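Going by full-length UniProt numbering, the sequence shown opens with residue 1, and the numbers climb by one from there.
The beta carbon of each residue, even a glycine, is placed where N, CA and C say it ideally should be.
It should be emphasised that the depicted structure is a prediction, and the values quoted were computed from it without experimental measurement.
Notes for the one structure printed next.
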Amino acid sequence: MSALFLSLEGIDGAGKSSHLDALEALFRGQGRAVTRTREPGGTPLAERLREMVLHEAMDPLTESLLVFAARRDHVVQVIEPALARGDVVICDRFTDATFAYQGGGRGFDLQVLDQLERWVQHRDSHAAALLQPDLTLWFDLPPEVAAARLADARTPDKFEAQSAEFFRRVSAGYARRAAQSPRFARIDAERSREAVWEQVHQALTQRGFLG
Ligand SMILES: Nc1ncnc2c1ncn2[C@@H]1O[C@H](COP(=O)(O)OP(=O)(O)OP(=O)(O)O)[C@@H](O)[C@H]1O
Ligand SMILES: Cc1cn([C@H]2C[C@H](O)[C@@H](COP(=O)(O)O)O2)c(=O)[nH]c1=O
């Protein structure tokens, strides 16, 4: 079977991680090998960069360079080899998060992000010149709802502590990316867990990604 690259996106607390186990089980149940990973992170080096990005203050260019440096290592060490083996790669966030958080949330220059994306995800010997997910599940819900869900869940990191206004800009960043590409499936993440899972399943079925 051909390889499949899935990413899950959304503001903090959107509920995407709640469906990772079920997604993995769904594909394993179909006899597929699954590589489950996340960004920033996914390799020892990228996990160290993640700690800095999530917990240290820095300017938006530094933040963007660190997430793309982590991504480069992750792509080379984990994602490309897994896709070459024919795995289903399930990635909790990928480059759309950079356009949403650094581009939308921080207001950082989108043209610089475009250039970094081209450098980091360039593929020499593939029909598609740029590595991108085959499907991006975008969990969309109002920032106030996400904040209420997260309130009792855990101690906030640097991003989770941001204002509702910051997350409105992040959401607008996701909406801009989604408008540019048919690989996005918008999931109404305000609904119950069961209803959200139903939409995830439907997005995979509609695109012919389930056997
Ligand atoms: N559909 C839902 N309805 C109500 N609560 C939910 C729903 N989905 C998830 N939650 C709860 O919301 C909180 C955040 O969910 P989750 O950790 O899956 O979000 P996330 O998008 O992965 O967040 P982050 O990106 O910040 O890690 C958790 O406490 C989870 O139990
Ligand atoms: C990939 C990526 C992530 N971020 C932010 C988004 C989240 O606040 C954290 C990751 O935490 P999670 O609990 O694993 O979702 O990092 C970012 O700002 N830029 C990025 O490119």
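In this model, Asp-12 and Ala-175 are separated by some 15 Å (Cα to Cα).
Taking C-alpha positions only, Ala-33 is separated from Asp-140 by approximately 28 Å.
Pairing Asp-92 with Ser-17 gives a Cβ-Cβ distance under 8 Å. Counting other Cβ atoms within 10 Å of its Cβ, Leu-131 reaches 16 or more and is therefore classed as buried. Gln-180 is classed as exposed because its beta carbon has fewer than 16 other beta carbons within 10 Å across all chains shown.
Setting aside the 5 residues that flank it on each side, His-74 is surrounded in the same chain by Gly-42, Thr-43 and Ala-46, each with a C-beta closer than 6 Å to its C-beta; the list follows chain order. Rounded to whole angstroms, the gap between the alpha carbons of Leu-8 and Arg-38 is 9 Å. The residues Ile-187 and Asp-188, in chain order, have a CB closer than 7 Å to that of Gln-199 in the same chain once the five nearest residues on each side in sequence are set aside. For the options Ala-185, Gly-10 and Leu-6, the alpha carbon positioned closest to that of Arg-168 is the one of Gly-10. Distance from the CA atom of Leu-204 to the CA atom of Ala-146, rounded to whole angstroms, is 24 Å.
Between the alpha carbons of Leu-116 and Val-67 lies a gap of roughly 10 Å. Straight-line spacing of the CA atoms in Thr-98 and Arg-72 works out to 13 Å. When C-alpha distances from Leu-135 are compared across Ala-172, Ser-171, His-201 and Val-170, the shortest belongs to His-201.
Beta-carbon to beta-carbon, Pro-143 and Ser-171 are separated by about 7 Å, close enough to satisfy the 8 Å threshold. Annotated three-state conformation of Ser-7 is strand, per DSSP. Distances from the alpha-carbon of Asp-114 to those of Asp-124, Glu-194 and Ser-64 put Ser-64 closest. Residue pairing for Leu-137: DSSP places it in a beta bridge opposite Leu-8 and Ala-185. Closest option to Ala-84, judged by alpha-carbon separation, among Ala-185, Arg-123, Val-196 and Leu-20: Arg-123. One alpha carbon belongs to Glu-190, the other to Ala-14, and they sit about 8 Å apart. Secondary structure remark: continuous alpha helix (DSSP H) runs of at least 4 residues inside the stretch 18-51, in chain order: 20-28. Taking the Cβ of Leu-65 as the reference point, every heavy atom of ligand 1 lies at 7 Å or farther away.
Here Ala-70 is buried. Its C-beta has 16 or more other C-beta atoms within 10 Å.
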